[in-house]
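Numbering of the sequence shown is given in UniProt numbering, commencing with residue 1 and proceeding in unit increments.
Here's the structure, in structure tokens; my notes come after.
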Amino acid sequence: MSRKSQTRPRRSTKIETLEARQMMAADAMDALLNVSLDQHHVDESLPDMVRHSDIPDLDQHQQADFWIDSEVGYQNNGDLEQTLDGAHEQTGLDTVRTNYGFGGSGQTVVVIDSGIAYDHYALGGGYGANYRVVGGWDFAENDADPFDDGTEGSHGTHVAGIVGSTGDTNGNNTGVAPDVDLVALRVFDDAGNGYFSDVAEALDWVVNNHDSFENPITAVNLSIGTAWNSDTAPSWASFLETKFQQIENLGIFISVSAGNSFTSYNEPGLSYPAASSYVVPVMSLDGNGSLSYFSQRYSTAIAAPGRYIRSTIPDYAGNNNGITDDWANFSGTSMASPYVAGASVIIREAMDLVGYTNITQDMIYDHMIATADSIFDSATNQNYFSLNLANAIDSLLPDDDFGSTIESAYNLGALGEGDTQVSGMISTLADGDYFTFTATTTGVATFSATESHHLDVSWDFGSATATRDGNNWVLDVVAGQTYTVGLSTLDGLGYYDLGVSIESTFSFIDWGAIAGQQSHSNLSSSGESWYRIVAGQNGYVTAQAAFAAAAGNVDIALYDANLQMLGESASGSDAERVDYLASSGQEFYIRVSGTNADVDFQLTNLVNVDGTTLSLSGTDGDDTFSFTAGSTHQVVVNGVEYQFDSAAINNIVFSGGAGSDTANLTGSTANELTTFRVGSVQMVSSNFNLSASSFEKVQVSSGGGTDNVVFYDSAADEYYVGYSDRAIFGGDGYRYDVLNYANSLAYSNGGYDSATFYDTAGDEWYIGKSDRVRFGGAGFHHDVRTFESTLAYSTGGNDSSTLYDTDADDTFVCWWNRAIMAGDGYHNDTRGFTRSLAYATGGYDEAIFYDTAGNDTYVSWSNRAILTGDGYYNDSRGFERTKAIGSTGTDKAIFYDTTGDDNYIGREGQGTMMGANYRNDAIGFDTFEAYATSGTDNATFYDSAGDDIFNGYSNRAKMWGAGYFHTSNGFDRTVAFATTGYDQATFFDSSGNDSYVTWSNRALMAGAGYFNDTRGFDKTTAFATTGYDTATYYDGTGDDMYVAWSDRALISGNGFYHDGRGFDRVSAVASNGGNDRAILHDSAGDDDVFAKVWGAYMTNGTYYNEARGFERVDAYRDLGGNDDATVDSIDYLFSLIGDWT
């Protein structure tokens, strides 16, 4: 890229300070931005120099937001200049470089200023991707060349040099972070004028390009500011605040000069944008560590060197000799701000090294403040924070983790054949980590290191001779000898993984890692043989040898990786065993001595003890574990037994692993609580806690005490089976058995779950609810919750079941040997129980009873129904409807009314009693009895297809036929219907006055408190015995016959026959047609007969028989007495038969 013209008027080379003032007025925002802004370096005055208070009025620049003041002359006094090296010593950066070498590599810093003279050799000598200044933009002139070439320039170049110059030719005056890349965003025109609109565009540019370069933008410096002294931003700055917030949200550190106008305000405050809450304000320090007199100051700001700072400037601002190697001293918070921007890069680099992620401005700022020095300012009588980079970096980097000399080398212990890895960190440039080890085998050791960050490992093998093999180093080792290896850095810091791999020449058969349990069968031993094994996990390594001792004795011994004996077994028996508590990956050697042609080896590494915890883990195959609690806990895993003192073990953990595994657990004599979940079980006792997982079959046995077990289901379908001495819980692929526990509780929360219970020969009870069922007896209790289905069997003893409904509609169905209560989402079934009781409290509930082959009795009330027979008793309470069904035997149904109005309906083989909110039915029964006690109650009978009989009394009624018999007692009204067969009705009067009324198809008898009504009967007979009783007959439509005696009267016709006996007054009415005839018979006494127009009647004072509307009336004098006849003028045939007077 071509650079803009750099032909500029030469300035005096005696430049000490070039912090020209920048003032802000209004451009398009005159009304809002009527303030001034400075570029924060000051015209520092030594003797004979222009004082800060003498800066001329800058009103001539009112069309710019800010500018560089070129009207003040400067002098240079070399005796007072402070090199950057002095500043670095002041902040501790020199110590950081010596110890850590941080330079900000991998990061980019943006300088928003007058541009950067990127041709300066200390700033990379060029522009673009292959240079230090990797990019930028000139917003003042709207082009892609941000070179610092204005007549009022050099400020941005000076700032950039403080951030990251590589120093002068003598190696002095390096910037804070000489390894960073730079971006120049020019916001001043050639005349030194700048506009906030350009600054806003520059901030947007940062947001849009923060990740556009090889190294991301991590810091932004703005050494500019307005004439402002506050801790908050001015109201007109909201458009800039939004952009600062966006940059801060990206994790970018924003360093801003605090301002140089303290002497104008003489109180704490910050210029803007230093007063923004989204940036870090920076104050200026003198070389003696005090705040510079001009520096604005505030409690949240941090101070850094800013007075007499020597840094890079463009050639035209220096000696203008065409060589880009010029330097100058400036003073101001403009010089302190880039120092902190560079420091943020160094701190970020250190944070990244030690593992910080998502680093933000707040993280860096908080760390700066936490590690800063405190300085007292007499002008404000307050303390302020001063940057201490040495503290900041030292507090981040960890202490040395391994010894740094051969003498303090970290001991890796004994290393045998295999790989060893150690991870560490080289945390300073002088750091070195040394390791020592003792070889347990003769062979070749290979060393390797994997490095991170900027670490370049340097190796040190002490007095041993190692040779390089590619990226590795190789060293011959001899068993029993000790060796030392050291790692340091050739350049940079970082983490390493040190690998040591030893290949042994030791002769043995390698059985490898024990995968839980392994067997080696039919081995032949002759003399001495060695086998290598490795513990597959933490825990006991158990080596067992089984053989026939008669064929030759065999002894075994166990050695560690250093061939130190750990144990031996030489019992002389058919089996030898050695146990050792090992760590995962620990290497062992087994020595087999003796002669035998058939030795079977079994290696077990499944049992571990860690403190007071005993753990067992299964293999990938099918395993069988057992545990028996006691003063000595016994554990058996796949046939291998272990014993442990219960005082030393209080936590037992079993893991079945893969395969189909079985666990048998026996508790202690104390009270235990065992909890099952699908895939796991936990047993809690007074002195131990056992948990087991991944077992497909688990059996838990009580060791004594009152033990409790709880089961929790899964989302799938499960089953539960309860016995007096056992509870079983299972599902797809698993089953849990619990033996001799006193109490068992199971929860169902998903799937379709069922429970089944079995009784004993003793007495048991069952209580079933929609969401809970309990079953128990002597010494045991089962409790299941929210199971969809339960089934309980009773085979002996006097067992009872109690069933409860829900608030919804439920159904109770029972037989002599079974009872079911069911509703929405549940089904409870009991079988063989002697007694069942069902309660209904809500919804519309129905109970159905089925009889036996024997004689059964059904008794019902409005809120209760019972069916009982030989050996059973079924009882329902509160059901809206009950139904009893009889089939064989002689069955009887009894119904009771309520205090309200009730109705009884009797049919052949069926009786129904109903009233308000209830109905009770008996179907197929032989005998029915219904009782009414209060209210207005009605009974209705229906005949059968055969011949039926109805008997009506004042306080009861009966109707019966072939195979059935109904009795209604105390009903106010009874109606009986006859439709087929030859049906007869008989009425009996009360002790009071009664009335008998008949029609061709109906007959009724009524009196005080009763009403008996029959319909369609072929014959009715009514008996009157006491009281004044009357009978009234109505004819049919055919030819009817009425016959009356002194104590009897009957009427008959086609299909009907009504007979009244002993009535005091009888009246027969023929009005429905036909040729009707009446016959009146006298008594033995004196009788009178009268033939009237309307009809005839016969009486003697004790009886009265009347016939109305008959076509023919015959009066008979049969029995004697003095009988008289009186005949009026009539229109019907009237005959006197016998000797009438």
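Don't be surprised by glycine CBs; every beta carbon is placed ideally from N, CA and C.
Exposure label - residue i; buried when at least 16 CB within 10 Å
{"i": "L1133", "result": "exposed"}
{"i": "residue 1142", "result": "The structure shown does not extend to residue 1142, since the chain is modelled only from 1 to 1141, so the question has no answer here."}
{"i": "M565", "result": "exposed"}
{"i": "T595", "result": "exposed"}
{"i": "F239", "result": "exposed"}
{"i": "I509", "result": "exposed"}
{"i": "F139", "result": "buried"}
{"i": "G78", "result": "Confidence at G78 is low in this model, with a pLDDT of 37, below 50, so its placement is unreliable and the value that follows should be read with caution. Its Cβ having fewer than 16 others within 10 Å, G78 is exposed."}
{"i": "R468", "result": "exposed"}
{"i": "D59", "result": "With a pLDDT of 26 at D59, under the threshold of 50, the modelled position of this residue cannot be trusted, and the question is left open."}
{"i": "I346", "result": "buried"}
{"i": "D69", "result": "Confidence in D69 is poor, its pLDDT being 39 and thus under 50, which makes the residue's placement unreliable; the coordinate value appears in the next sentence. So D69 counts as buried."}
{"i": "A658", "result": "exposed"}
{"i": "L493", "result": "buried"}
{"i": "W1094", "result": "exposed"}
{"i": "S521", "result": "exposed"}
{"i": "D1131", "result": "exposed"}
{"i": "Y872", "result": "buried"}
Closest by C-alpha distance to residue i, when choosing among the options
{"i": "residue 1146", "options": "L791, N740, F787", "result": "Residue 1146 lies beyond the stretch modelled for the chain, which goes from 1 to 1141, so this question has no answer here."}
{"i": "T888", "options": "H158, G963, G486, G289", "result": "G963"}
{"i": "L614", "options": "F147, L606, G621", "result": "L606"}
{"i": "A200", "options": "G192, R186, D190", "result": "R186"}
{"i": "A515", "options": "D620, V457, V477", "result": "D620"}
{"i": "G961", "options": "V422, N817, S944, G106", "result": "S944"}
{"i": "Y982", "options": "G1055, A275, T166", "result": "G1055"}
{"i": "N951", "options": "T371, A1003, Y118, L93", "result": "A1003"}
{"i": "V96", "options": "D870, S331, N391", "result": "N391"}
{"i": "Y752", "options": "F787, I885, Q245", "result": "F787"}
{"i": "F695", "options": "G1085, Y723, F654, T675", "result": "F654"}
{"i": "A1084", "options": "N1100, D1076, D1114", "result": "N1100"}
{"i": "S295", "options": "F262, N319, Y272, S271", "result": "F262"}
{"i": "D902", "options": "D875, E576, T1030, T974", "result": "T974"}
{"i": "H155", "options": "T436, D579, S223", "result": "S223"}
{"i": "V478", "options": "T232, T438, A513, F987", "result": "T438"}
{"i": "G1120", "options": "W473, T1141, F461", "result": "T1141"}
{"i": "T760", "options": "Y793, D737, D783", "result": "Y793"}
For residue j and residue i, believed in contact at Cβ under 8 Å, the rounded distance
{"i": "D799", "j": "T834", "result": "6 Å"}
{"i": "G536", "j": "S584", "result": "7 Å"}
{"i": "I1128", "j": "A1091", "result": "Checking the displayed sequence, the identity of residue 1128 turns out to be Asp instead of Ile. Between A1091 and D1128 the Cβ distance is about 6 Å, and since that is below 8 Å, they are a contact."}
{"i": "Y996", "j": "A1022", "result": "4 Å"}
{"i": "G150", "j": "S114", "result": "6 Å"}
{"i": "N173", "j": "L84", "result": "4 Å"}
{"i": "T967", "j": "F1011", "result": "With a Cβ gap of about 17 Å, T967 and F1011 do not count as contacting."}
{"i": "A303", "j": "S386", "result": "5 Å"}
Heavy atom of the ligand ATP within 6 Å of residue i beta-carbon
{"i": "T440", "result": "For the ligand ATP, the structure offers nothing, since it holds no ligand at all."}
Cβ of residue i within 7 Å of any chain C Cβ
{"i": "Y850", "result": "Looking for chain C here will not work: only one protein chain is present."}
* To do: Run through the segment 883-933 for me and flag every whole beta strand (DSSP E) of 3 or more residues, listed as ranges in chain order.
  => 892-896, 903-907, 910-915, 918-923, 927-931
* Stretch-stretch touch, CB-based, cutoff 8 Å, three pairs: the segment 898-908 with the segment 934-944 -> yes
* Would you say the segment 330-339 touches the segment 349-364, given that touching needs at least three Cβ pairs under 8 Å? -> no
* Mind pulling the beta strand (DSSP E) runs of 3 or more residues that sit fully within the segment 971-997? -> 973-977, 984-988
* To do: Would you mind listing the beta strand (DSSP E) stretches within the segment 698-752 that are 3+ residues and don't spill past its ends, in chain order?
  => 708-712, 718-722, 726-731, 734-739, 743-747
* Asked: If we count Cβ pairs, one from each stretch, closer than 8 Å, do we get three or more for the segment 310-319 versus the segment 119-132?
  -> yes
* In chain order, each alpha helix (DSSP H) run of at least 4 residues that lies wholly inside the segment 370-398 -> 389-396
* Indicate whether the contact test is met: 3 or more Cβ pairs, each with one atom in the segment 1033-1042 and one in the segment 1073-1080, closer than 8 Å. => yes
* **contact_flag[the segment 622-634, the segment 662-677] where n(CB pairs < 8 Å) is 3 or more** => yes
* Does the pairing of the segment 804-812 with the segment 776-786 give three or more beta-carbon distances under 8 Å? -> no
* To do: Determine, using beta-carbon pairs with one atom in the segment 890-900 and one in the segment 843-858, whether at least three such pairs fall under 8 Å.
  => yes
* Asked: At what residue ranges does the segment 524-582 contain a whole run of the beta strand (DSSP E), taking only runs of 3 or more?
  -> 528-534, 539-546, 554-560, 565-569, 575-582
* Asked: Which ranges would you report for the beta strand (DSSP E) in the segment 744-808 if only whole runs of at least 3 residues count?
  -> 754-758, 765-768, 772-777, 780-785, 789-793, 800-804
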